[in-house]
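A.B. asks: Protein sequences, first through last, are from chains A and B.
Quick note on numbering: the working numbering labels position 7 of the first sequence as 2, and the sequence is numbered without any gaps.
Quick note on numbering: the working numbering labels position 68 of the second sequence as 779, and the sequence is numbered without any gaps.
Glycine residues also receive a C-beta, built at the ideal position from the N, C-alpha and C atoms.
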Amino acid sequence: AQSVTQPDIHITVSEGASLELRCNYSYGATPYLFWYVQSPGQGLQLLLKYFSGDTLVQGIKGFEAEFKRSQSSFNLRKPSVHWSDAAEYFCAVGAETGANNLFFGTGTRLTVIP
Amino acid sequence: SAVISQKPSRDICQRGTSLTIQCQVDSQVTMMFWYRQQPGQSLTLIATANQGSEATYESGFVIDKFPISRPNLTFSTLTVSNMSPEDSSIYLCSADRGETQYFGPGTRLLVL
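(1) Mind pulling the chain B residues with CB within less than 7 Å of K44 of chain A?
(2) How long is the line joining the alpha carbons of L730 of chain B and S792 of chain B, rounded to whole angstroms?
(3) Interface residues of chain B around T101 of chain A at Cβ under 9 Å?
(4) Helix, strand or coil for E10 of chain A, going by three-state DSSP, please let me know.
(5) Would you call E765 of chain B buried or exposed, if buried means 16 or more other Cβ atoms sit within 10 Å of its Cβ?
(6) Inspect the CB distances between the region 774 to 786 of chain B and the region 72 to 82 of chain A and report whether three or more fall short of 8 Å.
(7) Is it buried or exposed, I757 of chain B, if we count other Cβ atoms within 10 angstroms and call 16 or more buried?
(8) To the nearest angstrom, report how far apart F29 of chain A and V76 of chain A are at their CA atoms.
(9) Please say whether F744 of chain B and T759 of chain B have beta carbons closer to each other than 8 Å?
(10) So the beta strand (DSSP E) R104 of chain A belongs to, where does it begin and stop?
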């Protein structure tokens, strides 16, 4: 069965600093991996996804993530954080057959300080 | 991608009543999903709704409590029945397009 672990419940970074949010997954086959962001009072917005191919994927808002099969990880990064990036970030894993069964991590709340 | 809207965006309800949440997608999709996000928690899948068939419910969720309709390929409703304060949550719908789920803005429900 799929599972997703986001070890960091809450991260605080200074504006302009770099960011890395961790995500580890458990899945027996090739996973489909997603990062979503939820701003306060909003729904979930897709940041990026990985299905296959290049293990470094680029997303919206300057985010990128790297799939590392050997570490079962799909960490999200951004070189310079903006105050508007403050939000909740969710990593999700789906079965190879599609996104029909998505399993979400518990989320990481990002606080950005000036 | 897909653009998804939900109505209402928020509501405050009395215990024992029911609320129907509507979800509209900007174009036809095969699969739609309903999730619950309890305060400070991650998303939990309630059910998958396919047009022309009964919804498939996840463990812990039953049709009598969360009846779902899917009358066409762009629309679905979720009803939260006989509500209690424990039903206070955000309810989100999503649609599957290109092996990716896109989410609506959510419905924030408070049950008193």
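C.D. replies: Quick answer:
(1) Locating residue 44 of chain A in the first sequence gives position 49, where the first residue counts as 1. Proximity of chain B to K44 of chain A at the Cβ level (cut-off 7 Å) is accounted for by T811, in chain order.
(2) Start at 1 with the first residue of the second sequence, and residue 730 of chain B comes out as number 19. Start at 1 with the first residue of the second sequence, and residue 792 of chain B comes out as number 81. Those two C-alpha atoms are separated by around 7 Å.
(3) Sequence index remark: in the first sequence, residue 101 of chain A carries index 106 (1-based). Under the 9 Å cutoff, chain B gives Q752, S753.
(4) For the purposes of this step, residue 10 of chain A is taken as residue 15 along the first sequence, with counting starting at 1. DSSP, read as helix, strand or coil, puts E10 of chain A in coil.
(5) Counting from 1 along the second sequence, the entry for residue 765 of chain B is found at position 54. Burial call: exposed.
(6) The answer is no - the region 72 to 82 of chain A does not touch the region 774 to 786 of chain B, with fewer than three Cβ pairs under 8 Å.
(7) The residue you call residue 757 of chain B lines up with position 46 of the second sequence. When all chains shown are included, I757 of chain B counts as buried.
(8) By one-based count along the first sequence, residue 29 of chain A stands at place 34. By one-based count along the first sequence, residue 76 of chain A stands at place 81. F29 of chain A and V76 of chain A have their C-alpha atoms spaced approximately 20 Å apart.
(9) Within the second sequence, residue 759 of chain B is the residue found at index 48, counting from 1. Within the second sequence, residue 744 of chain B is the residue found at index 33, counting from 1. Yes, they are a contact pair.
(10) Translated into positions along the first sequence, residue 104 of chain A becomes position 109. Per DSSP, R104 of chain A belongs to the beta strand (DSSP E) from 103 to 108.
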